[in-house]
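**Q** Pasting a structure here, questions to come.
Numbering (the numbering used here), first residue to last: 7 to 151.
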């Protein structure tokens with residue numbers, strides 16, 4: 007886990023709570039099914055943008071260019087990573103251990119999602135290329151092989 011690359015004192019904190027951190031890291035996926043706003047936080051359909059390599063770095067600029075509805079329709083994972091990171095900084099400043107753990111777990115989940123190739127395309131489940139079900143294969147079966 008990435009926590010072992012941390013300096014002290016965060017290293018000791020996260021080592022002590024590593025099992026809880028692991029358990030909390032699936033929270034975003036659990037929330038997807040009960041909170042409508044959660045879904046777009048897990049992906050971005052880069053192929054839906056004419057110039058995906060020049061997407062605005064910061065949320066206000068992205069909203070100004072595309073509008074919030076468009077962004078939410080195509081996923082917001084890169085911007086939500088940053089939002090979560092900023093919340094985590096505030097939790098550390100407030101020394102709120104429970105919030106630190108939850109936000110660190112959430113951030114680990116969203117950053118991991120941003121690095122899954124299928125979370126960056128509208129064809130995330132192979133539905134547009136005759137490979138329906140590839141997403142489940144990628145996330146469940148492939149790691150077991």
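Each residue gets a CB set at the ideal place from its N, CA and C atoms; glycine is no exception.
(1) Can residue 51 and residue 73 be called in contact, C-beta distance under 8 Å?
(2) Buried or exposed: which applies to residue 146, given that a residue is buried once 16 or more other Cβ atoms fall within 10 Å of its Cβ?
(3) Keeping to the same chain, check which residues put their C-beta closer than 7 Å to that of residue 62; ignore five residues upstream and five downstream.
(4) Touching or not, the segment 105-121 and the segment 86-95, by the rule of three or more beta carbon pairs under 8 Å?
(5) Straight-line CA distance for residue 135 to residue 127?
(6) Going by the beta-carbon positions, is the gap between residue 27 and residue 99 smaller than 8 Å?
**A** The structure says:
(1) Between residue 51 and residue 73, the C-beta gap is not smaller than 8 Å, which leaves the two residues out of contact.
(2) So residue 146 counts as exposed.
(3) Closer than 7 Å at Cβ, skipping near neighbours: 68, 71.
(4) Cβ pair count under 8 Å is three or more, so yes.
(5) Taking the straight line joining both Cα atoms gives about 12 Å.
(6) No; because the gap between Cβ atoms is not below 8 Å, this pair is not in contact.
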